[in-house]
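Quick notes on the structure that follows.
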Amino acid sequence: MSAEPASARVRPRITGFFTDSTLCIGCKACEVACKEWNEIPSDGFVWSGLSYDNTVSLGHSTWRHVKFVERLPVHGAGGFSSPDVSWEFSSDVCKHCEVAGCLEACPTGSIVRTEFGGVYIQPDVCNGCGYCVVSCPFGVVDRRPHDRAFKCTFCYDRQKAGMVPACAKACPTESIRFGELEVLRREAAARLVELRAGGVEDAVVYDPRDTSVGGIHAFFLVRGDPKMYNLPERPEVPTVRLRPAWRSAGAAAAAILTAAIGAFLFADGK
Amino acid sequence: MPGLGTSFGRGGATTSQQDLANADAILIMGSSMAENHPVGFQWVVEAKKRGAKVIHVDPRFTRTSAMADHWVPLRAGSDIVFLGGLIRYVLENGREFREYVVRYTNAPTLLREDFRDTEDLGGVFSGWDDEAGKYSPESWLYEGAKPKGGEPGHEPSGSGHAKERGGESQDDLNPSPRDESLENPRCVFQTLKRHFARYTPELVEEACGVSKEAFLRIADVFSSASGPEKTAAICYAVGWTQHSTGAQIIRAAAILQLLLGNIGRPGGGILALRGHASIQGSTDIPTLYDILPGYLPMPLFDAKVDTLAEYIERNGAKKGWWNNIDKYIVSLLKAYYGDRATAANEFGYGWLPRVTGDHSHQAYWIEMADGKIEGLFVMGQNPAVGAPNSRFGRKAMAKLKWLVVRDLVEVETASFWYDSPEVARGELSPGEIGTEVFLFPAAGHAEKAGCFTNTQRLLQWREKAVDPPGDARSEAWFIHHLARRLKARAKLDPSPRNAPLEALAWEYPTLAPHHEPDIETVLQEINGWRVADRFLVKDFTELAADGSTACGCWIYSGVFPEPGHDNNKAAKRAPEDFYGRGWGYAWPLDRRILYNRASARPDGKPWSERKKLVWWDDGARRWTGNDEPDFTKSKPPDYRPAANAQGDAAIPGDAPFFMHPDGMGWIWVSSGLKDGPLPTHYEPLESPVANALYPKRQKNPAAATLERPGNRYAAFPDRRFPHVMTTYRLTEHHTAGGMSRTLSHLAELQPELFCEISPDLAREASIVHGGWATITTARGIVEARVLVTARMPSLTIAGQIVHQVGLPYHWGSRGLVTGDAVNDLIAFSQEPNVRIMESKALECRIEPGRRPRRAGAVEKLERLMEEPAGNA
Numbered sequence: 001m002s003a004e005p006a007s008a009r010v011r012p013r014i015t016g017f018f019t020d021s022t023l024c025i026g027c028k029a030c031e032v033a034c035k036e037w038n039e040i041p042s043d044g045f046v047w048s049g050l051s052y053d054n055t056v057s058l059g060h061s062t063w064r065h066v067k068f069v070e071r072l073p074v075h076g077a078g079g080f081s082s083p084d085v086s087w088e089f090s091s092d093v094c095k096h097c098e099v100a101g102c103l104e105a106c107p108t109g110s111i112v113r114t115e116f117g118g119v120y121i122q123p124d125v126c127n128g129c130g131y132c133v134v135s136c137p138f139g140v141v142d143r144r145p146h147d148r149a150f151k152c153t154f155c156y157d158r159q160k161a162g163m164v165p166a167c168a169k170a171c172p173t174e175s176i177r178f179g180e181l182e183v184l185r186r187e188a189a190a191r192l193v194e195l196r197a198g199g200v201e202d203a204v205v206y207d208p209r210d211t212s213v214g215g216i217h218a219f220f221l222v223r224g225d226p227k228m229y230n231l232p233e234r235p236e237v238p239t240v241r242l243r244p245a246w247r248s249a250g251a252a253a254a255a256i257l258t259a260a261i262g263a264f265l266f267a268d269g270k
Numbered sequence: 001m002p003g004l005g006t007s008f009g010r011g012g013a014t015t016s017q018q019d020l021a022n023a024d025a026i027l028i029m030g031s032s033m034a035e036n037h038p039v040g041f042q043w044v045v046e047a048k049k050r051g052a053k054v055i056h057v058d059p060r061f062t063r064t065s066a067m068a069d070h071w072v073p074l075r076a077g078s079d080i081v082f083l084g085g086l087i088r089y090v091l092e093n094g095r096e097f098r099e100y101v102v103r104y105t106n107a108p109t110l111l112r113e114d115f116r117d118t119e120d121l122g123g124v125f126s127g128w129d130d131e132a133g134k135y136s137p138e139s140w141l142y143e144g145a146k147p148k149g150g151e152p153g154h155e156p157s158g159s160g161h162a163k164e165r166g167g168e169s170q171d172d173l174n175p176s177p178r179d180e181s182l183e184n185p186r187c188v189f190q191t192l193k194r195h196f197a198r199y200t201p202e203l204v205e206e207a208c209g210v211s212k213e214a215f216l217r218i219a220d221v222f223s224s225a226s227g228p229e230k231t232a233a234i235c236y237a238v239g240w241t242q243h244s245t246g247a248q249i250i251r252a253a254a255i256l257q258l259l260l261g262n263i264g265r266p267g268g269g270i271l272a273l274r275g276h277a278s279i280q281g282s283t284d285i286p287t288l289y290d291i292l293p294g295y296l297p298m299p300l301f302d303a304k305v306d307t308l309a310e311y312i313e314r315n316g317a318k319k320g321w322w323n324n325i326d327k328y329i330v331s332l333l334k335a336y337y338g339d340r341a342t343a344a345n346e347f348g349y350g351w352l353p354r355v356t357g358d359h360s361h362q363a364y365w366i367e368m369a370d371g372k373i374e375g376l377f378v379m380g381q382n383p384a385v386g387a388p389n390s391r392f393g394r395k396a397m398a399k400l401k402w403l404v405v406r407d408l409v410e411v412e413t414a415s416f417w418y419d420s421p422e423v424a425r426g427e428l429s430p431g432e433i434g435t436e437v438f439l440f441p442a443a444g445h446a447e448k449a450g451c452f453t454n455t456q457r458l459l460q461w462r463e464k465a466v467d468p469p470g471d472a473r474s475e476a477w478f479i480h481h482l483a484r485r486l487k488a489r490a491k492l493d494p495s496p497r498n499a500p501l502e503a504l505a506w507e508y509p510t511l512a513p514h515h516e517p518d519i520e521t522v523l524q525e526i527n528g529w530r531v532a533d534r535f536l537v538k539d540f541t542e543l544a545a546d547g548s549t550a551c552g553c554w555i556y557s558g559v560f561p562e563p564g565h566d567n568n569k570a571a572k573r574a575p576e577d578f579y580g581r582g583w584g585y586a587w588p589l590d591r592r593i594l595y596n597r598a599s600a601r602p603d604g605k606p607w608s609e610r611k612k613l614v615w616w617d618d619g620a621r622r623w624t625g626n627d628e629p630d631f632t633k634s635k636p637p638d639y640r641p642a643a644n645a646q647g648d649a650a651i652p653g654d655a656p657f658f659m660h661p662d663g664m665g666w667i668w669v670s671s672g673l674k675d676g677p678l679p680t681h682y683e684p685l686e687s688p689v690a691n692a693l694y695p696k697r698q699k700n701p702a703a704a705t706l707e708r709p710g711n712r713y714a715a716f717p718d719r720r721f722p723h724v725m726t727t728y729r730l731t732e733h734h735t736a737g738g739m740s741r742t743l744s745h746l747a748e749l750q751p752e753l754f755c756e757i758s759p760d761l762a763r764e765a766s767i768v769h770g771g772w773a774t775i776t777t778a779r780g781i782v783e784a785r786v787l788v789t790a791r792m793p794s795l796t797i798a799g800q801i802v803h804q805v806g807l808p809y810h811w812g813s814r815g816l817v818t819g820d821a822v823n824d825l826i827a828f829s830q831e832p833n834v835r836i837m838e839s840k841a842l843e844c845r846i847e848p849g850r851r852p853r854r855a856g857a858v859e860k861l862e863r864l865m866e867e868p869a870g871n872a
């Protein structure tokens with residue numbers, strides 16, 4: 001990051017993660033670096049049988065998670081011909097939505113937007129109510145039993161100190177890139193063109209901006225259907241349902257009112 | 001290392017990991033680089049971005065395969081057939097880089113008339129003695145070469161890490177007879193062609209299980225990415241080394257790269273990926289029994305004449321760089337013995353220990369089992385989990401009187417006496433074990449300063465971040481103070497056996513707070529200094545044979561040319577380019593790409609603009625370029641040596657492999673290898689498949705099985721152990737797990753031992769995904785969770801389906817996550833050149849369910865061993 005004079009009081013840049021899964025080697029260094037830096041406890045020593053993934057999902061104790069998308073074994077594939085195998089890796093993280101469901105749902109004001117554009121849970125304010133958990137369109141926020149809600153902080157502490165988030169710093173292949181959001185978006189577009197030109201036709205950038213989340217600050221480049229990587233086609237914040245909910249509630253109220261008034265009218269006309 | 005050492009002159013990777021970014025194709029074989037070298041893999045990714053094709057050849061579809069453009073599954077242990085197939089493809093299709101081959105390799109050199117190939121003798125080269133079980137390699141020499149004194153043949157006690165000479169040498173020939181048309185039937189090129197004539201795509205299909213089409217596609221991709229305008233690199237790791245033919249697999253790669261002109265050029269080369277942080281360093285400044293620092297051979301007890309002069313005569317060479325051996329050994333002795341080393345006492349040569357026999361890891365473990373070894377120091381190692389046949393090893397440790405273990409935690413090696421599987425199974429009883437165990441807490445790598453020498457001969461300095469906690473100390477501290485105390489004891493008892501210890505110069509300043517020896521002083525001693533005033537030498541060219549210089553390891557000389565931390569070149573951290581310059585210090589003399597004289601044509605101009613690296617600057621009359629020239633800088637391309645020239649002066653200006661007496665890259669290795677001048681396919685020591693080439697030579701005749709109770713083998717064929725088994729590591733753990741099973745952030749990522757098997761094998765053996773399986777070999781029995789995956793395909797070999805079982809080996813009985821030690825399944829065995837075990841291809845049995853508890857596990861194994869092997 002370039003050094004800026006403190007007196008300039010320049011508004012900090014909106015930062016983002018661009019996770020290019022075509023460069024991910026599934027080493028999980030991001031998971032480990034995240035846990036080291038943020039002092040996250042273990043989430044158990046359970047062998048899952050799900051390919052090489054034993055932390056299984058994002059959660060209160062896993063804020064970066066590498067997904068292993070392995071094509072299911074096809075029975076009877078013996079013989080010398082190369083069986084049809086594919087194994088994709090992608091490091092998932094909180095998307096830091098433009099319109100964040102968790103932030104909207106938080107009744108205590110614990111969840112705030114930082115000067116870098118990230119969505120941050122203030123640990124000393126969170127009371128562990130869990131409203132944010134059900135309000136996240138990506139299933140990212142999680143409450144630790146008998147404790148508060150946890151998720152990626154976007155390494156707010158490191159960013160404040162001018163440092164790159166731990167996961168991006170540890171990534172050996174630059175699969176996780178950190179920087180100014182709009183610059184990253186341009187890089188992703190260029191990378192997509194490069195990949196398509198190189199014959200990787202199933203590469204797509206996952207960066208939904210036309211839904212109620214209004215864009216995400218951690219976006220992805222994956223191969224194949226983003227749904228395979230647990231990335232929903234049209235993520236929506238729960239509040240988007242408020243207007244129709246109010247509308248139908250209003251309509252119901254109006255109908256009830258009409259009926260009530262009608263009842264009186266009918267009573268009068270008896 | 002002898003694979004690379006005999007081929008090119010030095011036992012180290014010829015290139016750097018950064019330089020992979022310059023490649024047009026990268027063949028990764030015998031390695032899962034993305035998993036085990038994830039940091040270095042960034043340059044493979046960089047190469048891919050620049051358009052390089054990445055090929056992964058491996059029994060499993062690994063995280064490396066996932067990043068490759070091509071993945072080819074092959075049967076574990078069939079590597080030489082695949083590589084031999086590539087060599088044949090290059091020769092048959094005229095894909096060799098002709099001018100490079102003619103001018104820079106020994107392809108034109110003529111061989112003796114009495115040489116006979118494996119193709120003539122049914123699987124052995126001429127010189128094989130069936131009774132003695134070894135070769136007399138005289139007939140492998142160049143035409144007209146005379147054996148160098150004494151009887152030809154390899155020393156029984158030595159190993160191949162140094163350039164131990166078997167036949168010798170080309171010294172008397174100047175020049176050796178060559179046929180540059182490559183037509184003479186006795187030239188190396190034609191001999192090579194005949195030797196590999198049967199390694200056809202059909203044979204590759206039959207023996208490796210690789211389809212003809214897949215093989216031909218790979219052969220085309222790799223060979224067409226080579227030539228004046230292009231280069232291709234090969235990366236390998238212990239997936240090649242840990243075979244009974246390991247050195248010869250690497251030789252096959254060396255031959256391929258020499259034929260394609262890929263050595264000494266940017267984006268080319270062979271990258272030996274080492275197993276962990278300082279494995280290259282531990283052979284440069286060896287923890288091996290048969291060499292001294294800088295690949296100087298250890299003197300042998302059975303040498304007929306045992307003087308320093310004879311040592312120099314025997315191990316040096318009249319022509320080529322090894323002519324300087326006298327300077328290096330004398331300077332080393334001066335570093336060891338200081339003022340006590342004088343010309344009068346042969347600089348203390350008599351004080352050096354002599355090699356009395358095979359003291360490689362497995363040999364001394366067997367001696368331990370036989371009660372011949374009293375005590376053992378174990379540092380930075382966890383053999384109770386990580387060494388081959390660890391079950392045998394744990395029982396052997398119970399025969400020791402004392403055992404010193406230094407580690408970060410109490411590893412299985414330190415606790416074997418009370419919580420090993422043998423104790424649980426009633427084979428060992430704590431009350432009856434006489435071994436006294438001393439466990440010392442060791443400092444972690446961030447708690448001590450020092451140097452790693454990594455995979456690409458790169459010395460990287462490491463600063464201390466924090467002081468070690470409590471009583472934890474560095475290995476250097478331990479050795480330093482142990483030596484000090486032993487020397488003090490030796491002084492009290494001036495018997496002859498104490499004389500070497502007493503003579504040892506041992507003066508290192510120590511630092512607060514724990515009296516840690518100052519490691520920079522040690523590095524300065526390694527760099528070398530003038531004895532008179534301790535003025536540091538610039539590099540090894542300043543070393544002398546008269547005792548006026550001391551140098552701890554000549555190949556490292558130049559790393560610390562002047563006093564002061566700023567001159568510690570290993571501590572440089574300013575990367576400059578995709579050769580790796582500016583980061584650390586690569587021996588020798590910070591040359592990143594070895595033999596880079598070969599990046600220029602014989603006349604000194606680059607082969608192409610795109611692939612230029614170093615070239616002759618006629619105006620300045622010196623070699624220059626983008627890397628440190630790996631050549632005498634002032635020697636012009638047209639230099640021709642005088643008839644009686646010696647040393648480097650005997651090497652012409654167009655001979656890039658100047659460590660060799662003839663200055664050539666050796667397609668043919670006439671001396672220095674114990675199992676042949678060319679690679680030949682033999683089946684692994686345990687294999688369900690018959691040798692398709694030589695029915696009467698199933699396995700490498702020169703390899704040792706060390707067969708004995710506790711180290712048994714499957715028969716051939718053996719229906720009890722019908723499947724191929726291979727072992728490997730995962731990104732998430734560190735070798736035998738001592739540094740990863742104890743850390744929650746790593747342990748949770750791979751919390752249990754698992755096996756990987758194909759859907760076909762799962763169905764055939766009624767094993768379910770996610771369940772348990774018991775895997776047995778003639779040595780041991782383990783249980784593992786089951787991953788059924790198409791990434792571990794079953795292959796068709798000679799019409800039969802062959803299943804492969806994959807097992808990572810990180811678990812043991814202690815730590816946050818535990819599991820059976822997979823190394824219980826591996827046999828002690830010795831590849832003839834480096835005496836390494838074969839852990840990448842063996843035979844196993846797999847059954848559904850968990851193994852019996854306690855004594856039942858051993859009973860099950862013994863019952864199985866009593867069954868007849870029968871016909872498979």
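Residue numbers (our numbering), protein chains in the order written: chain D, 1 to 270; chain P, 1 to 872. Cβ coordinates follow ideal geometry from the N, Cα and C atoms, glycine included.
Problem set entry | Closest residue to Y579 (chain P) among P:G11, P:G40 and P:A34 (Cα-Cα distance) | Position 579 of the second sequence, counted from the start, is the residue given in the question as residue 579 (chain P). Ranking P:G11, P:G40 and P:A34 by Cα distance to Y579 (chain P) puts P:G40 first.
Problem set entry | Per-residue contacts from I25 (chain D) into chain P (C-beta, under 7 Å) | Position 25 of the first sequence, counted from the first residue, corresponds to residue 25 (chain D). Here the neighbours are A34, P38, F41, R63 and M67.
Exercise. Of the residues P:D129, P:L504 and P:S740, which one's Cα is nearest the Cα of L408 (chain P)?
Worked result: Your numbering for residue 408 (chain P) matches position 408 in the second sequence. Here the closest residue by C-alpha is P:S740.
Exercise. Can we say the segment 4-22 of chain P touches the segment 36-53 of chain P, given the rule of at least three CB pairs closer than 8 Å?
Worked result: Result yes; three or more Cβ-Cβ pairs closer than 8 Å.
For this session: Check whether the Cβ atoms of P848 (chain P) and I781 (chain P) lie closer than 8 Å to each other.
Result: Taking the first residue of the second sequence as position 1, residue 848 (chain P) is located at position 848. Taking the first residue of the second sequence as position 1, residue 781 (chain P) is located at position 781. Not closer than 8 Å, so no.
Exercise. Cα-Cα, which of P:T435, P:Y289 and P:T413 is closest to Y363 (chain P)?
Worked result: Locating residue 363 (chain P) in the second sequence gives position 363, counting from the first residue. This sequence places Ala at residue 363 (chain P); Tyr is not what is there. Measuring from the Cα of A363 (chain P), the nearest candidate turns out to be P:Y289.
Exercise. In whole angstroms, what is the alpha-carbon distance linking A798 (chain P) and A207 (chain P)?
Worked result: On the second sequence, position 798 is the one that residue 798 (chain P) refers to. On the second sequence, position 207 is the one that residue 207 (chain P) refers to. Roughly 7 Å between the two C-alpha positions.
Exercise. Which residues, in chain order, does the segment 762-781 of chain P contribute to contact with chain D at a C-beta distance below 7 Å?
Worked result: If the cut-off is 7 Å between Cβ atoms, the segment 762-781 of chain P has R763, H769 and G770 near chain D.
Problem set entry | Residues near C132 (chain D) by beta carbon distance below 7 Å, same chain, minus five either side | Working through the first sequence from its first residue, we reach residue 132 (chain D) at position 132. Excluding residues within five positions, the ones whose Cβ falls inside 7 Å are C102, A105, C106, I111, V141 and A149.
Problem set entry | Cutoff 8 Å: V385 (chain P) Cβ touching any chain D Cβ | On the second sequence, residue 385 (chain P) is found 385 positions in, with the first residue counted as 1. By this cut-off, V385 (chain P) is not an interface position.
Problem set entry | Interface residues of chain C facing P123 (chain D) [CB-CB closer than 8 Å] | In the displayed structure, chain C is absent; the protein chains listed are D and P.
For this session: Mind the definition here: the segment 753-765 of chain P touches the segment 837-856 of chain P only if three or more C-beta pairs lie below 8 Å; say whether that holds.
Result: The segment 753-765 of chain P, when compared against the segment 837-856 of chain P, does touch it at the 8 Å Cβ threshold.
Exercise. Among D:L192, D:G139 and D:I25, which residue has its Cα nearest to the Cα of E236 (chain D)?
Worked result: As a position in the first sequence, residue 236 (chain D) is number 236, starting the count at 1. Ranking D:L192, D:G139 and D:I25 by Cα distance to E236 (chain D) puts D:G139 first.
Problem set entry | Where the segment 41-55 of chain D meets chain P: residues whose CB sits under 8 Å from a CB there | P41, S42, D43, G44, F45, V46, W47, G49, S51, Y52, N54 and T55
Exercise. Applying a beta-carbon distance threshold of less than 7 Å, which residues of chain D neighbour S331 (chain P)?
Worked result: As a working note, residue 331 (chain P) is residue 331 in the second sequence. Ordered by position in chain D, no residue passes the 7 Å Cβ test against S331 (chain P), which lies about 39 Å from the chain.
Problem set entry | Nearest to A778 (chain P) (by Cα), restricted to the options P:I249, P:H810, P:A550 and P:R708 | The count along the second sequence starts at 1 and reaches residue 778 (chain P) at position 778. The candidate whose alpha carbon is nearest that of A778 (chain P) is P:R708.
For this session: Report the option in P:F535, P:G604, P:Y328 and P:Y142 whose CA atom is closest to the CA atom of A544 (chain P).
Result: Reading the second sequence from its first residue, position 544 is the one you call residue 544 (chain P). Looking at the Cα atoms, P:Y328 is the closest of the given residues.
Exercise. Closest to S136 (chain P) by CA distance: which of P:G815, P:A702, P:W811 and P:R720 is it?
Worked result: On the second sequence, position 136 is the one that residue 136 (chain P) refers to. Among P:G815, P:A702, P:W811 and P:R720, the Cα nearest to that of S136 (chain P) is on P:A702.
Exercise. Span of the alpha helix (DSSP H) holding Y336 (chain P)?
Worked result: Indexing the second sequence from 1 puts residue 336 (chain P) at position 336. Element bounds for Y336 (chain P): I325 to Y337.
Exercise. Just by C-beta distance, which residues in the segment 161-172 of chain D are closer than 7 Å to chain P?
Worked result: P172
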